[in-house]
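Line order of the protein sequences matches chains P and B. When we follow the working numbering, the leftmost residue of the first sequence carries the number 15, and every step to the right adds one. When we follow the working numbering, the leftmost residue of the second sequence carries the number 2, and every step to the right adds one. Report on one structure; see the data block that follows.
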Amino acid sequence: MPLTSLAGETGATLVGRVVFRGTVPPPEVVTVTRDPKTCGETRTIQPLVVHPSTRGIQNAVVSIEGENTSPNTDTTKTTAITNTQCAFSPHVEAIRVGTPLEVRSHDPVLHNTHIMTGKRTFLNVALVPGGHPVAKVIKMPGLYHVQCDAHVFMQGSVVAFDHPYYAVTEAQGDFRIVGVPAGRHQVTVWHETLGALHHEVTVPAQGDVSITIEFP
Amino acid sequence: MAMRRRLMTLSATILAIGLAATTVLAVKPEGNRATRENGRVIYERSCLFCHGAEGKGDGPAGWFIGRYEAPHPRDFTSEGFKLRSTESGSLPTDQDLFRTVTRGIPGYMPSFAGLTETERWQVIAYVKSFNPAFQTETPAPLLLGGPAPLASPTSIETGRALYVRFECQACHGIDGRGDGPVSEAGDLKDASGLRIFATDLTRPLSFKNGSSPQDLVRTLMTGLDGTPMPSYAAQLTGKEDEAWYLAQYLLSLSSGSFP
Numbered sequence: 015m016p017l018t019s020l021a022g023e024t025g026a027t028l029v030g031r032v033v034f035r036g037t038v039p040p041p042e043v044v045t046v047t048r049d050p051k052t053c054g055e056t057r058t059i060q061p062l063v064v065h066p067s068t069r070g071i072q073n074a075v076v077s078i079e080g081e082n083t084s085p086n087t088d089t090t091k092t093t094a095i096t097n098t099q100c101a102f103s104p105h106v107e108a109i110r111v112g113t114p115l116e117v118r119s120h121d122p123v124l125h126n127t128h129i130m131t132g133k134r135t136f137l138n139v140a141l142v143p144g145g146h147p148v149a150k151v152i153k154m155p156g157l158y159h160v161q162c163d164a165h166v167f168m169q170g171s172v173v174a175f176d177h178p179y180y181a182v183t184e185a186q187g188d189f190r191i192v193g194v195p196a197g198r199h200q201v202t203v204w205h206e207t208l209g210a211l212h213h214e215v216t217v218p219a220q221g222d223v224s225i226t227i228e229f230p
Numbered sequence: 002m003a004m005r006r007r008l009m010t011l012s013a014t015i016l017a018i019g020l021a022a023t024t025v026l027a028v029k030p031e032g033n034r035a036t037r038e039n040g041r042v043i044y045e046r047s048c049l050f051c052h053g054a055e056g057k058g059d060g061p062a063g064w065f066i067g068r069y070e071a072p073h074p075r076d077f078t079s080e081g082f083k084l085r086s087t088e089s090g091s092l093p094t095d096q097d098l099f100r101t102v103t104r105g106i107p108g109y110m111p112s113f114a115g116l117t118e119t120e121r122w123q124v125i126a127y128v129k130s131f132n133p134a135f136q137t138e139t140p141a142p143l144l145l146g147g148p149a150p151l152a153s154p155t156s157i158e159t160g161r162a163l164y165v166r167f168e169c170q171a172c173h174g175i176d177g178r179g180d181g182p183v184s185e186a187g188d189l190k191d192a193s194g195l196r197i198f199a200t201d202l203t204r205p206l207s208f209k210n211g212s213s214p215q216d217l218v219r220t221l222m223t224g225l226d227g228t229p230m231p232s233y234a235a236q237l238t239g240k241e242d243e244a245w246y247l248a249q250y251l252l253s254l255s256s257g258s259f260p
């Protein structure tokens, strides 16, 4: 059903965990050819981060399908991606359409933060040591790929939504979405290597709903 | 006498073509259906072979250009645009498209200065109709760096220091020959994932976005969308002179050598 209430107002809270019980593939070890003082001699790339005891997946994006409830009026909020020690922090970010996305660097080396949606550039800016951060408002929902062309092992993702019902899973795989209206909803989980899956959930008018979503 | 008159007429024509190639003289036609329809006729005669019937960059010449070689003809329907005066990720202005159609892209796209200015505006109106984003976005040109200061040994030296501070050498090499470590490692890719190479800055005639100081400042400010070349606008805003000094240094790399 269409979503009608705003997060933080009335409605239920959807809490849950995204888990992966399969075998995690070994990480890729990349030799760093540039700026090893900042980036290290090698990098261990593991996009599928599974908590050893909970089996929860970090950096999965959970969202509830729905209609755009209202335009984003909170113009004070900025979401930032920081280049630090040759990695994007956070590695995966979820953002509401209408929010500025700021990119900045704490590293003493040149990075360029290059964000694409499909084949179209959203932003490609040089971040020189001691330089200025750059912000740009996200106007379209969808998946944005983040990369640094100067350090190709630096990759990240931004997922933009035109509604407030989304969350990124934490280290133990947990997420929490507040203000969910009552009714039957489709929950979508996206992970950068596992892809997307859907899960039906029935939400009451008040209280918490707890779900566990398992990737096959 | 008649011969001399013919020569003078020819000279005037050449001068007029030269002027037309760089300045906009004709009134831009309204972007209505008739203009687009006229543009379609020109497009199908002049552009379709590379850019394809639906503007997807998949014209039959793609086979000759190379399926797996960059750059491909632009896909007007969904890709960004390299050659702009607007901020990174924005669409180009009409003037930007006019400049590209008029000048062409050295080594890749021919100049269409042979079309009248009205015809060029018509084809631009048609090209824009391939991408609905042109209906909703209003690209605005960046302010490009104020008046150019005169080049001097000091300004060029300042530009050289900026080249190093901005780590241009990572891709373009310390001597600007396009042989920086990131380019040599094969790490530079375009929006289609095809390998591309950093521009050899000692060969200004090959610069896709033009090689005048103004062109170089524009490229530094806007970046080249769909390539790894980033925008330095945030680092150069309020320091317009630095953008000019860097442009002067880049042009000094080719002085004394045959382009």
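Glycine included, each C-beta is placed from N, C-alpha and C at the ideal position. No experiment lies behind these values; they were computed from the predicted model shown.
Practice task
Alpha carbon to alpha carbon, how far is Asp-59 (chain B) from Thr-92 (chain P)? Give it in angstroms, no decimals.
Solution key: Counted from its first residue, the first sequence places residue 92 (chain P) at position 78. Counted from its first residue, the second sequence places residue 59 (chain B) at position 58. Cα-Cα distance, rounded: 39 Å.
Handout entry: Contact belief for Val-44 (chain P) with Arg-57 (chain P) at Cβ below 8 Å, rounded distance in angstroms
Key = The residue you call residue 44 (chain P) lines up with position 30 of the first sequence. The residue you call residue 57 (chain P) lines up with position 43 of the first sequence. With a beta-carbon spacing of about 5 Å, Val-44 (chain P) and Arg-57 (chain P) fall inside the 8 Å limit used to define contacts.
Handout entry: Phe-175 (chain P) in three-state terms, based on DSSP
Key = As a position in the first sequence, residue 175 (chain P) is number 161, starting the count at 1. Residue state, collapsed to three classes: strand.
Exercise for the section: List the residues of chain B that Phe-136 (chain P) touches, going by C-beta distances under 7 Å, in chain order. Expected result: The count along the first sequence starts at 1 and reaches residue 136 (chain P) at position 122. Neighbours of Phe-136 (chain P) in chain B, taken as residues whose beta carbon is under 7 Å from its own, are Gly-90 in chain order.
Handout entry: Beta-carbon contacts of Ser-12 (chain B) that lie in its chain and below 8 Å, excluding the five residues immediately before and after
Key = Here residue 12 (chain B) refers to the residue found at position 11 when the second sequence is read from its first residue. Because the pLDDT at Ser-12 (chain B) is just 49, under 50, the model does not fix this residue reliably, and the value given afterwards should be weighed accordingly. Answer for Ser-12 (chain B): no residue qualifies.
Exercise for the section: Check distances from the C-beta atoms of the segment 162-187 of chain B to those of chain P and list, in chain order, the residues that come in under 7 Å. Expected result: So the close ones are Arg-166, Phe-167, Glu-168, Ala-171, Pro-182, Val-183 and Ala-186.
Problem - Beta-bridge pairing of Glu-116 (chain P) - partner residues as DSSP gives them - result: Working through the first sequence from its first residue, we reach residue 116 (chain P) at position 102. For Glu-116 (chain P), the beta-bridge partners assigned by DSSP are P:Ala-94 and P:Ala-149.
Exercise for the section: Measure from the C-beta of Thr-47 (chain P) to each C-beta in chain B and report whether the shortest distance is under 8 Å. Expected result: Taking the first sequence and counting its residues from 1, one reaches residue 47 (chain P) at position 33. Taking Cβ atoms only, chain B reaches closer than 8 Å to Thr-47 (chain P), which makes this a yes.
Practice task
Would you tell me roughly how many angstroms separate the C-alpha atoms of Asn-138 (chain P) and Ser-89 (chain B), rounded to the nearest one?
Solution key: Translated into the one-based positions of the first sequence, residue 138 (chain P) becomes position 124. Translated into the one-based positions of the second sequence, residue 89 (chain B) becomes position 88. Here the alpha carbons of Ser-89 (chain B) and Asn-138 (chain P) stand approximately 6 Å from one another.
Exercise for the section: Establish whether the CB of Leu-62 (chain P) and some CB of chain B are separated by less than 8 Å. Expected result: Locating residue 62 (chain P) in the first sequence gives position 48, where the first residue counts as 1. Not one chain B Cβ lies under 8 Å of Leu-62 (chain P).
Handout entry: is_contact[Ala-94 (chain P), chain B] using C-beta, thresh 8 Å
Key = Taking the first sequence and counting its residues from 1, one reaches residue 94 (chain P) at position 80. Chain B, which has no Cβ nearer than 8 Å to the Cβ of Ala-94 (chain P), makes this no.
Exercise for the section: Could you tell me whether the Cβ of Gly-156 (chain P) comes closer than 8 Å to any Cβ of chain B? Expected result: The sequence position of residue 156 (chain P) within the first sequence is 142, counting from 1. Gly-156 (chain P) does not count as touching chain B.
Exercise for the section: Would you kindly work out how many angstroms separate the C-alpha atoms of Gly-54 (chain P) and Val-46 (chain P), rounded to a whole number? Expected result: Mapped onto the first sequence, residue 54 (chain P) falls at position 40. Mapped onto the first sequence, residue 46 (chain P) falls at position 32. Taking the CA atoms as reference points, Gly-54 (chain P) sits about 7 Å from Val-46 (chain P).
Problem - Under 7 Å by beta carbon: chain B residues contacting Ala-164 (chain P) - result: For the purposes of this step, residue 164 (chain P) is identified with residue 150 of the first sequence, where counting begins at 1. Chain B residues near Ala-164 (chain P): Ala-171 and Val-183.
Handout entry: Enclosing beta strand (DSSP E) for His-159 (chain P) [first to last residue]
Key = Looking up residue 159 (chain P) in the first sequence gives position 145. Secondary structure note for His-159 (chain P): its beta strand (DSSP E) is the uninterrupted segment 156-161.
Practice task
For Phe-82 (chain B), count neighbouring C-beta atoms within 10 Å of its own C-beta (all shown protein chains included) and say buried if the count is 16 or more, exposed if not.
Solution key: In the second sequence, residue 82 (chain B) corresponds to position 81, counting from 1. That one is buried.
Exercise for the section: Using 10 angstroms around the beta-carbon of Asn-97 (chain P), count the other beta-carbons present and answer buried if the total reaches 16, otherwise exposed. Expected result: Along the first sequence, read from residue 1 onward, the residue named residue 97 (chain P) stands at position 83. Classification of Asn-97 (chain P): buried, given that the 10 Å Cβ count is 16 or more.
Practice task
Taking only beta-carbon positions, decide if Gly-112 (chain P) is within less than 8 Å of chain B.
Solution key: Here residue 112 (chain P) refers to the residue found at position 98 when the first sequence is read from its first residue. The C-beta of Gly-112 (chain P) comes no closer than 8 Å to any C-beta of chain B.
Problem - Proximal residues of chain P, C-beta to C-beta of Ser-130 (chain B) below 9 Å - result: Within the second sequence, the letter at position 129 stands for residue 130 (chain B). The contacting residues do not exist; Ser-130 (chain B) stays about 17 Å from chain P at best.
Practice task
Ignore the nearest five residues each way along the sequence and tell me which others in Leu-221 (chain B)'s own chain have a CB closer than 6 Å to its CB.
Solution key: For the purposes of this step, residue 221 (chain B) is taken as residue 220 along the second sequence, with counting starting at 1. Here the set comprises Tyr-233 and Ala-244.
Exercise for the section: Mind listing the chain B neighbours of Asn-86 (chain P)? Cutoff is C-beta to C-beta under 9 Å, in chain order. Expected result: Locating residue 86 (chain P) in the first sequence gives position 72, where the first residue counts as 1. Simply none; closest approach about 17 Å.
Practice task
Counting only the same chain and skipping the five closest in sequence on each side, list residues whose C-beta sits under 6 Å from that of Leu-252 (chain B).
Solution key: In the second sequence, residue 252 (chain B) corresponds to position 251, counting from 1. Excluding sequence neighbours, Leu-252 (chain B) sits near nothing in its chain.
Problem - Residue-level contact to chain P via CB, Glu-70 (chain B), 8 Å cutoff - result: Counted from its first residue, the second sequence places residue 70 (chain B) at position 69. So no, Glu-70 (chain B) is outside the interface.
Handout entry: Candidates B:Pro-133, B:Tyr-127, B:Asp-188 and B:Ala-134, of which the one nearest Asp-163 (chain P) by Cα
Key = Working through the first sequence from its first residue, we reach residue 163 (chain P) at position 149. Checking every option, the nearest Cα to that of Asp-163 (chain P) belongs to B:Asp-188.
Problem - Coarse secondary structure for Met-130 (chain P), derived from DSSP in three states - result: Residue mapping note: residue 130 (chain P) aligns to position 116 of the first sequence, counting from 1. Here Met-130 (chain P) sits in strand by DSSP.
Problem - Of the listed residues P:Arg-198, P:Glu-206 and P:Gly-221, nearest to His-213 (chain P) (C-alpha basis) - result: By 1-based counting over the first sequence, the position of residue 213 (chain P) is 199. Of the residues P:Arg-198, P:Glu-206 and P:Gly-221, the one whose Cα lies closest to the Cα of His-213 (chain P) is P:Arg-198.
Handout entry: Contacts that Gln-236 (chain B) makes with chain P (C-beta to C-beta distance below 7 Å)
Key = Locating residue 236 (chain B) in the second sequence gives position 235, where the first residue counts as 1. Residues of chain P passing the Cβ test: Ala-140, Val-142, Gly-145 and His-146.
Problem - Bridge partners - Pro-142 (chain B), DSSP secondary structure assignment - result: Translated into positions along the second sequence, residue 142 (chain B) becomes position 141. DSSP, once it has assigned bridges, lists B:Thr-87 as partnering Pro-142 (chain B).
Practice task
Output yes or no for whether 8 Å exceeds the beta carbon distance between Thr-183 (chain B) and Cys-172 (chain B).
Solution key: Within the second sequence, residue 183 (chain B) is the residue found at index 182, counting from 1. Within the second sequence, residue 172 (chain B) is the residue found at index 171, counting from 1. Strictly speaking, residue 183 (chain B) in this sequence is Val, with Thr absent from that position. Contact: yes.
Practice task
Starting from Ala-210 (chain P), follow its DSSP beta bridges and name the residues at the other end.
Solution key: To locate residue 210 (chain P), count along the first sequence from 1; it is residue 196. Under DSSP, Ala-210 (chain P) forms a beta bridge with P:Trp-204.
Problem - For Leu-189 (chain B), the three-state DSSP class (helix, strand or coil) - result: Counted from its first residue, the second sequence places residue 189 (chain B) at position 188. Leu-189 (chain B): coil per DSSP, three-state reduction.
Problem - Cut-off 6 Å between Cβ atoms - residues of its own chain near Thr-27 (chain P), not counting five sequence neighbours on either side - result: As a working note, residue 27 (chain P) is residue 13 in the first sequence. Val-192 and Asp-222, listed in sequence order.
Exercise for the section: Please state whether DSSP places Ile-225 (chain P) in a helix, a strand or coil. Expected result: Position 211 of the first sequence holds residue 225 (chain P). Three-state result, Ile-225 (chain P): strand.
Practice task
Round the Cβ separation of Leu-70 (chain P) and Asp-188 (chain P) to the nearest angstrom and send it over; I've been treating them as touching at under 8 Å.
Solution key: One-based indexing of the first sequence puts residue 70 (chain P) at position 56. One-based indexing of the first sequence puts residue 188 (chain P) at position 174. Checking the sequence, you will find Gly at residue 70 (chain P) rather than Leu. Confirmed, about 6 Å.
Handout entry: Paired residues, beta bridge with Tyr-180 (chain P) - DSSP
Key = Along the first sequence, one-based indexing puts residue 180 (chain P) at 166. Looking at the DSSP output, Tyr-180 (chain P) bridges to P:Ser-77.
Handout entry: Contact list for the segment 115-128 of chain P against chain B, Cβ threshold 7 Å
Key = Along the segment 115-128 of chain P, going in chain order, the ones with a CB nearer than 7 Å to a CB of chain B are Leu-124, Asn-126 and His-128.
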